[in-house]
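Colleague: Can you read through this structure? Questions will come right after.
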Amino acid sequence: MTKDLVIIGGGPAGLAAAVAARKAGVQDLLILERDNRLGGILNQCIHNGFGLHTFKEELTGPEYAERFIRQAAELQIPYKLSTMVVDLRAEGPDRVVTAMSRKDGIYEIRAKSVVLAMGCRERSRGALNIPGYRPAGIYTAGTAQRYVNIEGRMPGRSVVILGSGDIGLIMARRMTLEGAKVQCVAELQPYSGGLKRNIAQCLNDFDIPLLLSHTVVDIKGKERVESVTIAEVDEHLKPIPGTETEYPCDTLLLSCGLLPENELSGKLGVPLSPITGGPLVNESFETGVSGVFACGNVLHVHDLVDYVSEEASAAGEQAAKYLTELSETSQNAGQDASAEKALRLRGQNGVRYTVPATIRPDHMADTQVIRFRVGANFRDATIRVSAGDQVLLSRKKNVLAPGEMEQLVLKKADLEQLPAGSEIVFEIAQ
Amino acid sequence: MRDVIILGGGVTGCSIARELSRYRLDILVIEKNSDVCEGTSKANSGIVHAGYDAHPGTLKAKLNVLGNEKMEALAGELDFPFRRNGSLVLCFEESGRETLQRLYDQGIANGVKGLEILEGDTVRALEPEVSEDVVAALHAPTGGIVCPFLLTIAMAENAAVNGVEFQLNTEVTDIRETEGAYEVLTDKGSERAKVVINAAGVHADVFHNRVAGREELKIIPRKGEYLLMDKNVGTLVSHTLFQLPTKLGKGVLVTPTVHGNLLAGPTAVEIPDGENTATTAEGLSDVQKRAALSVKALPTRQVITSFTGVRAHEQKGDFVIGAMEGHPGFFDAAGIESPGLTCAPAIGELLAGQVAEYLKAEKKPDFEPRRKGIPNMALVSYEERQKLIADNPLYGNVICRCELVTEGEIVDAIHRPVGATTLDGVKRRTRAGMGRCQSGFCSPKVVEILARELGVDPAQIRKNNPGSEFLTGYIKDGI
Chain H
182 MTKDLVIIGG GPAGLAAAVA ARKAGVQDLL ILERDNRLGG ILNQCIHNGF GLHTFKEELT
242 GPEYAERFIR QAAELQIPYK LSTMVVDLRA EGPDRVVTAM SRKDGIYEIR AKSVVLAMGC
302 RERSRGALNI PGYRPAGIYT AGTAQRYVNI EGRMPGRSVV ILGSGDIGLI MARRMTLEGA
362 KVQCVAELQP YSGGLKRNIA QCLNDFDIPL LLSHTVVDIK GKERVESVTI AEVDEHLKPI
422 PGTETEYPCD TLLLSCGLLP ENELSGKLGV PLSPITGGPL VNESFETGVS GVFACGNVLH
482 VHDLVDYVSE EASAAGEQAA KYLTELSETS QNAGQDASAE KALRLRGQNG VRYTVPATIR
542 PDHMADTQVI RFRVGANFRD ATIRVSAGDQ VLLSRKKNVL APGEMEQLVL KKADLEQLPA
602 GSEIVFEIAQ
Chain Z
15 MRDVIILGGG VTGCSIAREL SRYRLDILVI EKNSDVCEGT SKANSGIVHA GYDAHPGTLK
75 AKLNVLGNEK MEALAGELDF PFRRNGSLVL CFEESGRETL QRLYDQGIAN GVKGLEILEG
135 DTVRALEPEV SEDVVAALHA PTGGIVCPFL LTIAMAENAA VNGVEFQLNT EVTDIRETEG
195 AYEVLTDKGS ERAKVVINAA GVHADVFHNR VAGREELKII PRKGEYLLMD KNVGTLVSHT
255 LFQLPTKLGK GVLVTPTVHG NLLAGPTAVE IPDGENTATT AEGLSDVQKR AALSVKALPT
315 RQVITSFTGV RAHEQKGDFV IGAMEGHPGF FDAAGIESPG LTCAPAIGEL LAGQVAEYLK
375 AEKKPDFEPR RKGIPNMALV SYEERQKLIA DNPLYGNVIC RCELVTEGEI VDAIHRPVGA
435 TTLDGVKRRT RAGMGRCQSG FCSPKVVEIL ARELGVDPAQ IRKNNPGSEF LTGYIKDGI
C-alpha cells in the first residue's frame, strides 16, 4: 500500500492534522488509530472545560473530539481503528509504516510523509522509585480514569493521590463524585503541576487538601494497598525524617507527569529533545527526518487540547505543503540546505525549552507562535527573547508556573534580519 | 493415596515435578500462591551462574556446573529464553587480585570451563561501558541469563502435560507421618502420599522440622532489592557484571536480561519475615550507588520498576537435598538460594532419581519431553507474524504496546496447562505489562480478556493472590 500521508494516532492531534491536510488538498491520506474509536484520550475525559479557545464554549472531552471526528467524516478522511503501528523506518524517500490489526493482519504502507500524533503515557510507580510493597491498588490517574469513565468500575474506595498533574486533580473530584473518599493530594514540588482552575474546582471545592512539598515514602499491604505513608520533603526534595503520616487507604493514584511516546520516532531515527522527550521540530513542525511531522502530546505535553488542535492543524498544513513541493520539484523538499541556516531557539534562566526548536525565516508565515514551559514559579517576571545583544521581545507576566504552558509570537520581519544560524534565547529576567 | 506430593511450585518444585513426570507416578504439587513461580523464583537476577562462587565439594558447587551445562538443552526442549552472554567479575583494586585468583582456582576446581583473568584494558575492549576503575576481571564465558518465570512455567506446563497435578491457592498447614506415608493437611483439605518433597523455599525449614520433630534446619530469609531499566538501555553491557566481594559485602551486579532490559541489584539484608518483599528507599539507593561502580554511567533515569526478592538461606550455607534421615519418604530440596535457579535442572534430576529409586518407579514410554512456548509476536519475523495472524486473527490485536503483546498470546497463556488466572500470571507468561508504562495502558484490557476467557466478572480478576482484586466494584456503589 502507498499513501501520500499517514497520520499515526487518531486523537485530537491526529484528527486536527488530518482535517487540515485534507483542507489543504491532500487526497491520499490515512489515519491509523490503535483504539477502537477515534478521539484518543479525550474519550475518557468526560469532564468539561475543553474548547474554550477553539469553539468559545465549554465542552466535555468526547464532545470536543466529536467536533473533529465529524469534520473528518465530512471530509471523508479514511481511517483504520484497532490498528497498532509496530514499526516505522525510512527507505530512501519512503517512510515505511508497519501496522497490525485483527481485521487486516500485518501490512506495510509506503508513505511520502508522516504525521506523528501518538500522544503520551503516564510516569509509572517504577519510574518514580517509590519504595514499599507492590500490591494491587496502585494506578496511574489515567488508568483509573479509564476504569471509572469507560468501564464504569471503581478501582478503589479510599484514595491517596501522589502528584498534582491535571489528570490527578480531575480524578480527585471524579473519585469523590463516584463515592470514594479522597484523603489528600501530595505533591513533591513546592508548586502544583496542574492548572490553577483545576486546583480550585477539583480540590478546593471538595475540601481535598493539597500537600505541597510532600511525597510517598512507603506503601504497605501485601495483596492490596493498606496504607500509604507521606512525608514532607526538604528543598532538595528529600523526605524529612519525623514528618511521616500514615494514611490508611486501598488505593494510590499517581499523577506525576506525562512522557511523550516516541518509541516509533526513535526507530525512524528522529532526533528527540532530552527535555521534552519529544522530537525537535522546526517552524513547520517537521522533525529531523524530512517529511515526518509531529504534533500534540507526542511533541510536548500540553495542558489544553485547544493548543494541540492549533498546533496539529499547522502540522497538517505543513505536511500538505511538503507534499505539494515534493510533487513540484520531484525531489526531497523540507529540511534541505536551509536547515543549517535555521535560527536556533533555546531556553535558559527558567525557560526549559521551546517548540519549535529551530526556525527557517524563509519558510515561516508572517508570525510564529512559540510555546514553552518554565521550570519554577515566578511572580512579576519578564520573559525576554533575544538574539545576541538584540532584544526581540519582552513581555511582563504576573505569574508564571510550570503547570501552565506559555506562548509568545515572533514576527517574520524581526527574524529575517538576523544572521543565518543565530541563536535566539528565551529567558526570564526578574 | 498419591505417590508423591511436592510442597512448593517454585523453580525447584517444578523442576522436580517435571523430572518425576518421566515415571509412572501419581504426583501432586501444592502451591500456596495463585500461580507457580510466585516466591523466590520470580524475583532474582535471572542469572545462569558459571559455577566459580561456591566452595569445591559443596552441593552448590557440584549442581551449579551441572545445572549450567543442562540449561541450554533444556531451553531448547522446553522453549524458554536463555542466552550464554558470559560474565565478568570486576576487580577495582590491585589488592583484589588475590580474591580474583581464588575465585579462578575455585572455578577450576569446580570444573568451570573457559575461565580466564583479564586485565582492565582487555575488559574494556570487550565491554566498553565498564568503569575505568576496573583493574582486572574474571571472565566466565559459560555464564548466562535466563527468564526465571518462563523457565519455571515451562517446567510446570511440561510436568502437567505429563500428568502432574497442580493445586494452587492451597496452603499446607501441617504434615503427619502415618504408617510409612504422609498426610499433608491444607486449608483446602488433606492429601496422603508415600513421598513428600519439601521444596517450600523460605518456609522449607518449617515443614522439615515438623516432620523431624526438632529444629534441624533454619532458613534465614535474605532480602535483595533490584532496579530494572528500560529496554532502550538494555545493550549498555552484554556480559553480566559482578563485583568482587569487598568489605561492604557482596557487590551488586549489572546485567542485561534475556528480554533485553538492564538489571541492577541485589542488596543483601537478613530479615525476619520471608514474605517481606517491600522495597526500601535505602535499599534502592544502595543498589544505585553500588551498581554505579561497575559502569561508566548507570542510566538510573531509565528505571521502569524496582522489586525485592527473598532468598532462602539455610544457616549452614549449603543446599539441603535428599532423603531425611529416620523419616523414609520425606525428601528435602531446602536452602535453595543462589545459584538455585541455575541448579534447578540438576536438582530436579538428582532428587527425581532418588525418589524414583525409593518408590521403585518405572519410566513412562510416552513421556513428552518437549513443550512449545507461546509465540512471541515481538520477536518473530514479518512473515511469521503474517502467518500467525492468518491462523488466528487475535494475534493481530496488540494489547500491550510497550512489549508488543497481542490478544492471541494472552488467550494462549490463559488456556495452557497451569494457565494464567491473574494479571501477574499473564505478565510473566507474555510480558504484557512488563514494559515502560508498567501496565498503565494494557491492564484494563488484560482484566477484560481474563474475565471473558475465565467466564467471571472483571471485579474478580486479581493481580495475584486473593485480596489483590483490581477493581472494588461499580461506580456510585458507595453513594
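Residue numbers (the working numbering), protein chains in the order written: chain H, 182 to 611; chain Z, 15 to 493. C-beta: ideal position from N, C-alpha, C; glycine also. Just so it is clear, the structure is predicted and the values come from calculations on it, not from any experiment.
For H:Thr324, which residues in chain Z fall below 7 Å Cβ to Cβ?
Modeller: Residue mapping note: residue 324 of chain H aligns to position 143 of the first sequence, counting from 1. The answer, in chain order, is Gly454, Ser457, Pro458.
Colleague: Is it the case that the Cβ atoms of H:Ala202 and H:Glu498 are separated by a distance below 9 Å?
Modeller: Sequence index remark: in the first sequence, residue 202 of chain H carries index 21 (1-based). Sequence index remark: in the first sequence, residue 498 of chain H carries index 317 (1-based). Result yes, Cβ atoms of H:Ala202 and H:Glu498 sit closer than 9 Å.
Colleague: For the alpha helix (DSSP H) containing Z:Asn384, list its first residue and its last residue.
Modeller: As a first step, residue 384 of chain Z must be located in the second sequence, where it is residue number 370. Inspection of the sequence shows that residue 384 of chain Z is occupied by Arg rather than by Asn. Note, Z:Arg384: premise wrong, no alpha helix (DSSP H); not H, not E.
Colleague: May I ask you to report which of helix, strand or coil DSSP gives H:Ala514?
Modeller: Position 333 of the first sequence, counted from the start, is the residue given in the question as residue 514 of chain H. The predicted position of H:Ala514 is uncertain, since its pLDDT is 46 and thus under 50; no value can be drawn from it.
Colleague: At least one CB of chain H closer than 9 Å to the CB of Z:Lys490: is that the case?
Modeller: Here residue 490 of chain Z refers to the residue found at position 476 when the second sequence is read from its first residue. Closer than 9 Å to some Cβ of chain H, the Cβ of Z:Lys490 qualifies, so yes.
Colleague: According to the neighbour-count rule (16 or more other Cβ atoms, all chains shown, within 10 Å of its Cβ), is H:Gln598 buried or exposed?
Modeller: If you number the first sequence from 1, residue 598 of chain H lands on position 417. Classification for H:Gln598: exposed.
Colleague: Please identify the residue among H:Gln208, H:Ser294, H:Ala322, H:Ile227 whose C-alpha is closest to the C-alpha of H:Thr432.
Modeller: Mapped onto the first sequence, residue 432 of chain H falls at position 251. The shortest C-alpha separation from H:Thr432 is found at H:Ala322.
Colleague: For Z:Glu33, count neighbouring Cβ atoms within 10 angstroms of its own Cβ and tell me buried if that reaches 16, exposed if not.
Modeller: Residue 33 of chain Z sits at position 19 when you count from the first residue of the second sequence. Z:Glu33 is buried by the Cβ-count criterion.
Colleague: Please classify H:Met352: does DSSP put it in a helix, a strand, or coil?
Modeller: Along the first sequence, read from residue 1 onward, the residue named residue 352 of chain H stands at position 171. If DSSP states are grouped into helix, strand and coil, H:Met352 belongs with the helices.
Colleague: Drop a sphere of 10 angstroms on the beta-carbon of H:Lys577, count the other beta-carbons inside from all chains shown, and report buried for 16 or more, exposed for fewer.
Modeller: Position 396 of the first sequence holds residue 577 of chain H. It is exposed - the Cβ of H:Lys577 has fewer than 16 other Cβ atoms within 10 Å.
Colleague: At a Cβ threshold of 9 Å, is H:Glu416 touching chain Z?
Modeller: Stepping through the first sequence from its first residue, residue 416 of chain H is reached at position 235. H:Glu416 does not count as touching chain Z.
Colleague: Got a sec? Which residues, its chain only, sit under 6 Å from Z:Ala305 by beta carbon, not counting five neighbours each side?
Modeller: In the second sequence, counting from the first residue as 1, residue 305 of chain Z sits at position 291. Closer than 6 Å at Cβ, skipping near neighbours: Val266, Val268, Ala278, Leu312.
Colleague: Nearest-angstrom Cα distance between H:Ile400 and Z:Pro383?
Modeller: Position 219 of the first sequence, counting from 1, holds the residue named residue 400 of chain H. Position 369 of the second sequence, counting from 1, holds the residue named residue 383 of chain Z. Cα to Cα, H:Ile400 sits roughly 43 Å from Z:Pro383.
Colleague: Note down, in chain order, every chain Z residue with its Cβ under 9 Å from the Cβ of H:Val329.
Modeller: Numbered from 1 along the first sequence, position 148 holds the residue referred to as residue 329 of chain H. Here the neighbours are Ile489.
Colleague: Alpha carbon to alpha carbon, how far is Z:Cys28 from Z:Gly340? Give it in angstroms, no decimals.
Modeller: To locate residue 340 of chain Z, count along the second sequence from 1; it is residue 326. To locate residue 28 of chain Z, count along the second sequence from 1; it is residue 14. For Z:Gly340 and Z:Cys28, the distance between alpha carbons rounds to 26 Å.
Colleague: How would you list, in chain order, the residues of chain H whose beta-carbon sits under 8 Å from the beta-carbon of Z:Pro318?
Modeller: Along the second sequence, one-based indexing puts residue 318 of chain Z at 304. The sequence given here has Ile at residue 318 of chain Z, not Pro. The answer, in chain order, is Ser305, Gly307, Ala308.
Colleague: Report yes or no: is there a C-beta of chain H within less than 9 Å of the C-beta of Z:Arg45?
Modeller: Position 31 of the second sequence, counting from 1, holds the residue named residue 45 of chain Z. Here residue 45 of chain Z is Glu; the residue named in the question, Arg, does not match the sequence. It does not; no Cβ of chain H falls within 9 Å.
Colleague: Have a look at the DSSP bridge pairing and note the partners of Z:Ile285.
Modeller: Within the second sequence, the letter at position 271 stands for residue 285 of chain Z. BP columns for Z:Ile285 are empty, so no partner.
Colleague: Can you tell which of H:Ser567, H:Gly469, H:Thr410 has its C-alpha closest to the C-alpha of H:Phe607?
Modeller: Position 426 of the first sequence, counted from the start, is the residue given in the question as residue 607 of chain H. H:Phe607 has its Cα closest to that of H:Ser567, out of H:Ser567, H:Gly469, H:Thr410.
Colleague: Spell out whether any CB of chain Z is found under 9 Å from the CB atom of H:Pro429.
Modeller: Position 248 of the first sequence holds residue 429 of chain H. No, because no Cβ of chain Z sits closer than 9 Å to the Cβ of H:Pro429.
Colleague: Please report whether the beta-carbon of Z:Ser482 lies at a distance below 9 Å from any beta-carbon of chain H.
Modeller: Residue 482 of chain Z sits at position 468 when you count from the first residue of the second sequence. It does; some Cβ of chain H falls within 9 Å.
Colleague: Give the single residue among H:Met335, H:Thr539, H:Asp547, H:Gly477 whose Cα lies nearest to the Cα of Z:Pro472.
Modeller: Indexing the second sequence from 1 puts residue 472 of chain Z at position 458. With distances taken between Cα atoms, Z:Pro472 lies closest to H:Met335.
Colleague: Entirely within the stretch 77-132 of chain Z and at least 4 residues each: give me those alpha helix (DSSP H) ranges in chain order.
Modeller: The qualifying runs are 111-124.
Colleague: Might you give, ordered along the chain, the residues of its own chain that have their beta carbon closer than 6 Å to the beta carbon of H:Met356, omitting 5 neighbours on each side?
Modeller: Position 175 of the first sequence, counted from the first residue, corresponds to residue 356 of chain H. Cβ within range, chain order: Val340, Val363.
Colleague: Expressed to the nearest angstrom, what Euclidean distance is found between the alpha-carbon atoms of Z:Ile122 and Z:Tyr240?
Modeller: Walking along the second sequence from the start, residue 122 of chain Z turns up at place 108. Walking along the second sequence from the start, residue 240 of chain Z turns up at place 226. So the alpha carbons of these two residues sit roughly 30 Å apart.
Colleague: Between Z:Ile403 and Z:Thr26, is the Cβ-Cβ spacing less than 9 Å?
Modeller: Residue 403 of chain Z sits at position 389 when you count from the first residue of the second sequence. Residue 26 of chain Z sits at position 12 when you count from the first residue of the second sequence. The answer is no: Cβ separation not under 9 Å.
Colleague: Looking at the strands, I want to know which residues DSSP matches up with H:Thr535.
Modeller: Against the first sequence, residue 535 of chain H aligns to sequence position 354. In DSSP, H:Thr535 forms a bridge with H:Phe553.
Colleague: Does H:Arg554 come within less than 9 Å of chain Z when only Cβ atoms are used?
Modeller: Along the first sequence, read from residue 1 onward, the residue named residue 554 of chain H stands at position 373. Not closer than 9 Å to any Cβ of chain Z, the Cβ of H:Arg554 fails to qualify, so no.
Colleague: Within the continuous beta strand (DSSP E) that includes Z:Ala278, where are the two ends?
Modeller: Here residue 278 of chain Z refers to the residue found at position 264 when the second sequence is read from its first residue. Start and end: 276-279.
Colleague: Using CA coordinates, which residue listed in Z:Asp119, Z:Arg443, Z:Ser299, Z:Thr356 is at the minimum distance from Z:Asp93?
Modeller: Working through the second sequence from its first residue, we reach residue 93 of chain Z at position 79. Considering only alpha carbons, the answer is Z:Arg443.
Colleague: According to a CB-to-CB cut-off of less than 7 Å, which residues of the stretch 168-195 of chain Z neighbour chain H?
Modeller: The residues in question: there are none.
Colleague: Within the 9 Å Cβ cut-off, does H:Arg315 reach chain Z?
Modeller: Position 134 of the first sequence, counted from the start, is the residue given in the question as residue 315 of chain H. For H:Arg315, the answer is yes, since a Cβ of chain Z falls inside 9 Å of its Cβ.
Colleague: Mind listing the chain Z neighbours of H:Ser263? Cutoff is C-beta to C-beta under 7 Å, in chain order.
Modeller: Locating residue 263 of chain H in the first sequence gives position 82, counting from the first residue. Neighbours of H:Ser263 on chain Z, chain order: Asn411.
Colleague: Counting along the chain, where does the alpha helix (DSSP H) carrying Z:Ala305 start and finish?
Modeller: Position 291 of the second sequence, counting from 1, holds the residue named residue 305 of chain Z. From DSSP, the alpha helix (DSSP H) with Z:Ala305 extends over 295-305.
Colleague: Quick one: grab the DSSP three-state call for Z:Ala456.
Modeller: Start at 1 with the first residue of the second sequence, and residue 456 of chain Z comes out as number 442. For the record, residue 456 of chain Z in the displayed sequence is Cys; it is not Ala. Here Z:Cys456 sits in coil by DSSP.
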